[in-house]
Amino acid sequence: MIWNTEQECMSRGRLEELQLERLKWTVNRVYNRVPHYRAKFEKLSITPEKIKSLVDLKCLPFTTKDDLRGNYPFGLFAVPQREVVRVHASSGTTGRPVVVGYTANDLNTWTDLTARMVSLAGVTSEDVAQIAFNYGLFTGGFGLHYGLERAGALVVPVSGGNTERQLMLMQDFGTTVLISTPSYSLYIAEVAEKMGIDISSLKLKIGLFGGEPWTEEMRSEIESRLHILATDNYGLSEVMGPGVAGECACKCGHHIAEDHFIVETIDPETGEVLEPGQEGELVFTSLTKEAFPVIRFRTKDISRVTQDPCQCGRTTARMRKIIGRTDDMLIIRGVNVFPSQIESVLMTIEGIGPHYVINVHRRNFLDELEVVVELTREDLLEPYSKLEDFSGYIRQKLHSVLSINVRLKIVQPGTLERSAGKAKRVFDYRNQTAK
Ligand code: DLL
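Using UniProt numbering, the first residue of the sequence shown is number 1, and each one after it goes up by one.
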């Protein structure tokens with residue numbers, strides 16, 4: 001079901017008119033209300049009047065996570081604090097978090113956009129939606145919660161963790177939609193299997209997954225183990241949270257809420273704006289946000305955007321699945337390696353599970369990539385010679401895609417840590433290991 005046909009099926013001409021009107025409004029607000037933006041604009045001799053067409057967006061300065069951190073906690077708010085009714089903060093284990101604020105109108109828009117996004121995936125008022133995202137400063141829980149309610153679903157706000165209980169509620173409440181990170185959904189499947197629950201007997205039919213990168217291979221694994229349609233949705237706190245973009249049932253790219261955000265794709269090295277269809281870093285400008293507008297926010301997420309028509313009839317541009325983050329890309333002895341490339345290989349190998357860890361060390365001045373994988377069955381550990389062959393096979397498969405040699409560590413089933421939220425899979429020790 002299309003949540004709002006008028007907004008989601010606009011002609012490009014009408015959409016661009018609307019975007020320009022809203023961009024002017026936003027630029028005026030940040031210039032007049034946020035000293036940080038005003039100083040940056042003045043440095044480049046830009047005044048709001050310079051924005052005459054959408055092409056002029058290019059003249060505006062980028063905003064980075066450092067800009068946001070530098071104004072911690074409320075320095076970039078464009079409204080007095082009394083008008084802010086909620087804050088969230090971005091994830092991140094180091095340093096100060098980025099704090100984002102919402103006015104009552106912002107919350108209303110956010111709710112509408114997440115309702116739009118869940119409708120894209122096929123959720124309706126007939127559904128029972130179990131939210132296994134954490135509620136708190138993370139935008140996942142609350143963001144999806146209000147959107148699902150507005151879409152009319154029966155919401156089960158169970159939050160993350162306590163997997164056995166999640167499964168009990170799924171059985172007892174007849175949950176039809178699971179909302180979590182993709183990695184947590186696989187852990188739920190694993191626990192169900194251990195508890196002897198026949199997953200195909202559950203009423204689950206749709207997964208709304210997001211918050212972390214995952215590959216098509218991972219999607220196939222989730223779909224076959226949970227017997228669902230696994231859809232991906234994308235968002236980030238700095239821009240709003242979930243609801244920025246989401247897949248429809250065609251699973252051919254995430255529809256971007258272009259009436260509220262302008263997306264650009266740039267070359268992460270030079271900052272040059274790329275043509276539609278070219279792969280690069282996504283940059284977002286908010287068009288309607290009151291409390292925390294962002295101008296050309298550099299996400300570090302790599303994707304490509306297309307305006308080709310979608311079978312579903314919506315006219316909004318679509319972004320491909322995120323392939324990684326510029327800061328996740330590992331450079332191993334000069335070779336660029338994305339964790340998603342490793343995941344794609346591992347997921348096609350029978351006998352190892354979907355949980356893995358990537359460790360990077362530097363030994364004798366040389367970078368070393370270690371991949372830790374988990375066997376799906378204990379009996380695969382024996383005999384040793386068979387295990388050696390298996391290990392050689394995995395290494396060779398990885399080499400054929402990455403063009404570098406990888407150290408492989410095979411561990412017993414259930415050894416690697418499972419997470420109820422975003423999985424942390426890459427550990428780069430190069431700054432800590434002796435040269
Ligand atoms: O993760 C918002 C969100 C919550 C989106 C729930 C979808 C569902 P942050 O904690 O600020 O916000 O993290 C944002 O997570 O820049 C991406 O690197 C990554 N990310 C989010 N969704 C996806 C996705 C939320 N579907 C950061 N695929 C972003 C790949 C994703 N990466």
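Just so you know, even glycine gets a beta-carbon here, dropped at the ideal spot from N, CA and C.
- Any non-hydrogen atom of the ligand DLL closer than 6 Å to Arg325 Cβ: yes
Please check the pair Ser159 and Gly147, which I expect to be a contact at CB under 8 Å, by giving their CB distance rounded to whole angstroms. No, Ser159 and Gly147 are not in contact; Cβ-Cβ is about 16 Å, not under 8 Å.
- Is the beta carbon of Val406 sitting closer than 7 Å to the one on Leu416? no
- Message: Can you look up Pro48 in the DSSP assignment and give me helix, strand or coil?
- Response: helix
Would you mind reading off the limits of the alpha helix (DSSP H) that contains Pro182?
Pro182 to Met195
message: Quick check: is any heavy atom of the ligand DLL less than 6 Å from the C-beta of Val339?
response: Per the sequence presented here, residue 339 reads as Pro, with Val not at that position. No - the ligand DLL has no heavy atom lying nearer than 6 Å to the Cβ of Pro339.
Check your understanding: Could you check where the alpha helix (DSSP H) with Ser391 kicks off and where it finishes?
Key -> Tyr384 to Leu402
**Report entry** Beta bridge counterpart(s) of Phe284 as assigned by DSSP
**Finding:** Val263 and Phe297
Judging by CA-CA distance, which residue of Ala78, Thr215 and Asn4 is the nearest neighbour of Thr288?
Ala78
| What did DSSP end up calling Val100 once you bin it into helix, strand or coil? | strand
ask   = With 16 as the cutoff for other CB atoms within 10 Å, does Tyr37 come out buried or exposed?
value = buried
For this session: Use the C-beta contact count for Asp367: other C-beta atoms within 10 angstroms, 16 or more gives buried, fewer gives exposed.
Result: buried
Item to complete: Would you please verify whether the beta carbon of Leu369 is less than 7 Å from any beta carbon of chain C?
Response: Although the question refers to chain C, the structure presented lacks it and comprises just one protein chain.
Beta carbon of Met168 nearer than 7 Å to that of His254 = no
Does Phe284 pass the burial test, meaning 16 or more other C-beta atoms within 10 Å, or should it be called exposed? buried
Practice prompt. Specify the secondary structure class of Gln130 as computed by DSSP and reduced to three states.
Written response: strand
Requested in this report: From the DSSP output, in three-state form, read off Met218 for me.
Outcome: helix
Exercise. Quick one: residues in its chain with C-beta nearer than 8 Å to the C-beta of Thr124, no 5 flanking neighbours on either side, listed in chain order?
Key: Met1, Ala151, Gly152 and Ala153
### Query
Excluding sequence positions up to five away, which residues of its chain have a Cβ less than 7 Å from the Cβ of Pro276?
Val305, Thr306 and Gln307
Which residues mark the beginning and the end of the beta strand (DSSP E) in which Thr231 is found? Leu229 to Leu236
With a CB to CB cut of under 6 Å and the five nearest residues on each side skipped, what residues in its chain are close to Ala420?
Gly160, Gly161 and Tyr184
For Asn405, report the span of its alpha helix (DSSP H) as first-last.
No alpha helix (DSSP H) holds Asn405; DSSP gives it neither H nor E.
Next item on the list: Report whether the distance from the Cβ of Ser237 to the nearest heavy atom of the ligand DLL is below 6 Å.
Entry: yes
query = Three-state secondary structure (DSSP) at Pro157?
reply = coil
Point to revise | Sequence-distant residues of its chain with Cβ nearer than 6 Å to Lys205 (five each side left out) | key: Thr176 and Ile228
Note to self: For Lys422, which residues in the same chain have their Cβ closer than 6 Å to its Cβ, ignoring the five residues on either side in sequence?
What the structure shows: Thr181, Gly211 and Glu212
Original post:
For the region 286-367, which segments carrying the beta strand (DSSP E) assignment without a break, of at least 3 residues, lie completely within its bounds, in sequence order?
Top reply: 297-303, 330-332, 335-337 and 352-363
Original post:
What does Ala245 pair with, by DSSP beta-bridge criteria?
Top reply: Tyr234 and Ile256
message = Is Ile266 a contact residue of the ligand DLL, with contact defined as CB to any heavy atom under 6 Å?
response = no
- Task: Inspect the beta-carbon positions of Pro293 and Val30 and report whether they are closer than 7 Å.
- Result: yes
*Look at the Cβ atom of Glu247, then the Cβ atom of Asp232, and state whether they are nearer than 7 Å.*
yes
_Using the three-state DSSP reduction, which class does Asp428 fall into: helix, strand or coil?_
strand
Task: Distance, Tyr234 Cα to Lys300 Cα - done: 13 Å
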